[in-house]
Structure formats: C-alpha cells, structure tokens
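Colleague:
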Amino acid sequence: MDHLPRTSGREEAIAAEYRKHSCLFLQQVGVTLHLPQATIATALFYFHQFFDLHDFSHFDRIFIAISCLFLAGKVEETPKKLKDVIFSSHKVIHDTFHPQQKYMQLTIESPEFLDFREKILFGESIVLQCISYDFVVNHPYQYLLQYLRKMNADKMVAQSAWNLVNDSLRTRLCLQYEPQKIACAALYMASKKRPSDVNFWKDFNPDVTLKDLEDISFQILELYSDQHPLKNELKQTTSPLSGKNGTQGSPKRQSGK
Numbered sequence: 000m001d002h003l004p005r006t007s008g009r010e011e012a013i014a015a016e017y018r019k020h021s022c023l024f025l026q027q028v029g030v031t032l033h034l035p036q037a038t039i040a041t042a043l044f045y046f047h048q049f050f051d052l053h054d055f056s057h058f059d060r061i062f063i064a065i066s067c068l069f070l071a072g073k074v075e076e077t078p079k080k081l082k083d084v085i086f087s088s089h090k091v092i093h094d095t096f097h098p099q100q101k102y103m104q105l106t107i108e109s110p111e112f113l114d115f116r117e118k119i120l121f122g123e124s125i126v127l128q129c130i131s132y133d134f135v136v137n138h139p140y141q142y143l144l145q146y147l148r149k150m151n152a153d154k155m156v157a158q159s160a161w162n163l164v165n166d167s168l169r170t171r172l173c174l175q176y177e178p179q180k181i182a183c184a185a186l187y188m189a190s191k192k193r194p195s196d197v198n199f200w201k202d203f204n205p206d207v208t209l210k211d212l213e214d215i216s217f218q219i220l221e222l223y224s225d226q227h228p229l230k231n232e233l234k235q236t237t238s239p240l241s242g243k244n245g246t247q248g249s250p251k252r253q254s255g256k
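Numbering that gives the first Met the number 0 numbers the first residue of the sequence shown as 0 and each following residue consecutively.
#1: Using the C-alpha atoms, what's the distance from Leu-147 back to Pro-178?
#2: Does the beta-carbon of Tyr-142, which I'm using as the reference point, lie nearer than 8 Å to any heavy atom of the ligand SAH?
#3: Count the other CB atoms, across all protein chains shown, that sit within 10 Å of the CB of Asp-211; report buried if there are 16 or more and exposed otherwise.
#4: When the Cα atoms are used, what is the spatial distance from His-93 to Phe-55?
#5: Less than 6 Å between C-beta atoms, sequence neighbours within five positions excluded: which residues of the same chain meet that for Ser-88?
#6: Is the CB-CB distance between Leu-70 and Tyr-45 below 9 Å?
#7: Determine the extent of the alpha helix (DSSP H) in which His-20 is found, giving its start and end residues.
#8: Which residue wins for smallest C-alpha separation from Phe-86, given the options His-138, Ser-109, Glu-76?
#9: Is Arg-18 buried or exposed, if buried means 16 or more other CB atoms sit within 10 Å of its CB?
#10: With 16 as the cutoff for other CB atoms within 10 Å, does Ile-219 come out buried or exposed?
#11: Over what stretch of residues does the alpha helix (DSSP H) that includes Phe-46 continue unbroken?
#12: Does Lys-201 come out as helix, strand or coil in the three-state DSSP assignment?
#13: Report the three-state DSSP secondary structure of Arg-171 (helix, strand or coil).
#14: By DSSP, does Phe-121 sit in helix, in strand, or in coil?
#15: Taking Asp-211 as part of the alpha helix (DSSP H), name the residues at either end of that continuous run.
#16: How would you call Gly-122, buried or exposed, if buried means at least 16 neighbouring beta carbons within 10 angstroms?
#17: What did DSSP end up calling Gln-99 once you bin it into helix, strand or coil?
#18: Could you tell me if Lys-201 is buried or exposed, where buried requires 16 or more neighbouring beta carbons within 10 angstroms of its beta carbon?
#19: Using the beta-carbon count (16 or more within 10 Å), is Arg-9 buried or exposed?
#20: Tell me the rounded alpha-carbon separation between Cys-22 and Asn-162.
#21: With distances taken Cα to Cα, identify the nearest neighbour of Leu-143 among Lys-82, Asp-59, Lys-180.
#22: Mapping the DSSP letters down to three states, classify Ala-184 as helix, strand or coil.
#23: Assign Phe-24 to one of two classes, buried (16 or more other C-beta atoms within 10 Å of its C-beta) or exposed (fewer than that).
#24: To the nearest angstrom, report how far apart Asn-151 and Leu-186 are at their CA atoms.
Printed below as a string of structure tokens:
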C-alpha cells in the first residue's frame, strides 16, 4: 500500500521526475565505481523504500541515493571505500548539474569532502532505520534468465528484456509487483508479442495476468519519450482483457524477501 499522504497530480508528477532523475544519477555513480548491476539494483530498491515513506522535499535525494549505494555495496559484498564513493559521486554531480563549470577535484582534507562524508554516513543511518535492517532484496534478473532459457529467446530479445528490467528500477514497480512479474513483463515487451491467450504467460508464472503485464509495461514506458518506438508500438495495442491501453494495478509493497 502507499505510505505518503494523497497528493495532487502535479506533486505526483514532480515526485516521479525526482525519482527518475535520482535513479539515473545513482546508476551513473554505480557504473563509475564499477559496481555490479545487482549492487546497483539493491541500492535502487533501498532508495525507493526510503522515498516511499518520506517526501522528497524533506531529504536531499542525491545524498540519500549515494548513501543507498554505499550501503548496498556492503550488503552485496562488493564494498567500495567511502572516499572512492565520495570522489566518484562528486564528479558525477559536477557532470550532471554543473557541466559548464570547470571541475575541481576534492581533497580529503577539504571542508567539502568532510561535509560530503558526514552527509553520506548520516544518510546511511536513516536508510538503515527506514528499511528496518532488512537487507535482503529479490531482483527480477534471476527469473528473467530462467524465462529466457525456457523460451529459447534470441540474443536481441534477451538484451532488450534485460535493459527493460534495468529501466524498471527507475520506477516504483519493485514496491508494487513481485520480481517474477516484472521479469515476465520485460520479456513480454521485448518479444513484442501480445498474446490473446493470457495462459501463455502462466507457463512462466501462474500468478501473472495480462493486466499485470500491461500495467508494468506502461509504467516502464512512461520513462521514455513519445518518440520511443517501443512506446508507440505498445500504445497502439488494445488489451483483449480491458479494452483499453493499460490498467492500473493495485500497488503492493514488497518486503524485499
């Protein structure tokens, strides 16, 4: 269930943009640090959990994102030294928000470095409280690999589905749907098939419905521009169940286990 008070459409749109861009930032820092995708995905899950309980206006979303990444590195046994996280994050912040300015490297003795360090450690402590020290996260990747093997999918479909799972991490889907359903939806989108028989997908997951697949698909597609070919293709397809272009699923918070 949702935890934040009911907000206006404008506030929801702003929050969605904050979420999307914060997740892109987190992913970029993770790539810069050469962290595995599983670690980045865990960090994103923590980030979504945190801002499912707290308003974006109450916390610095950038430092919460960095704190989630620092924590996830330890949880997934791919830890990075705090100073390396700070240096990489500082550079990505510059390149993202101040690209026109000359970059000035931080030094460990500088007040800015110490302030950065304090904010990350504080952020880590409040994220830990938020997730109640429940570190375990179940990601869609393992299920997607199973489905790809069962379907004997080609490399193009496999890569597309993998990318869609990555993109789904910039949405609240991980809090709304089980990872198995997200994996099914990614394959559903990547294969560009719109089966009229929903039982086709029960071969992968007996609990998934076409309604689930469409809602997950359209939430992912909302990340893309209107010019994205996959968005245009799927928006033109009518649901044989609902008779319209997408249905809103019932958000269900996942524990991460």
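Where a beta carbon is used, it is the ideal one built from N, C-alpha and C, also for glycine.
Modeller: Inspection of the coordinates gives the following:
#1: Rounded to whole angstroms, Pro-178 to Leu-147 spans 15 Å at the Cα level.
#2: Because no ligand of any kind appears in the structure shown, any question about the ligand SAH cannot be addressed here.
#3: Asp-211 is classed as buried because its beta carbon has at least 16 other beta carbons within 10 Å across all chains shown.
#4: Cα-Cα distance, rounded: 21 Å.
#5: The answer, listed in chain order, is Val-28, Ile-65.
#6: Between Leu-70 and Tyr-45, the C-beta gap is smaller than 9 Å, which places the two residues in contact.
#7: For His-20, the enclosing alpha helix (DSSP H) covers residues 8 to 31.
#8: Comparing Cα-Cα distances from Phe-86 to each of His-138, Ser-109, Glu-76, the minimum goes to Ser-109.
#9: Arg-18 is buried by the Cβ-count criterion.
#10: The residue is buried, with at least 16 neighbouring Cβ atoms inside 10 Å.
#11: For Phe-46, the enclosing alpha helix (DSSP H) stretches over residues 36 to 52.
#12: Lys-201 sits in a helix when the DSSP states are folded into three classes.
#13: The answer is coil: DSSP assigns Arg-171 none of H, G, I, E or B.
#14: Note: Phe-121 maps to helix in three-state DSSP.
#15: It spans 209 to 220 - the alpha helix (DSSP H) in which Asp-211 sits, taken as one unbroken run.
#16: The residue is buried, with at least 16 neighbouring Cβ atoms inside 10 Å.
#17: Looking at Gln-99 - three-state DSSP - the assignment turns out to be coil, as it is neither helix nor strand.
#18: By the neighbour-count criterion, in which 16 or more other beta carbons inside 10 Å mark a residue as buried, Lys-201 falls on the exposed side.
#19: Arg-9 is exposed by the Cβ-count criterion.
#20: Near 15 Å, if we compare the C-alpha coordinates of Asn-162 and Cys-22.
#21: For the residues Lys-82, Asp-59, Lys-180, the minimum Cα distance to Leu-143 belongs to Lys-180.
#22: Residue state, collapsed to three classes: helix.
#23: Phe-24 should be labelled buried.
#24: Rounded to whole angstroms, Asn-151 and Leu-186 show a C-alpha spacing of 12 Å.
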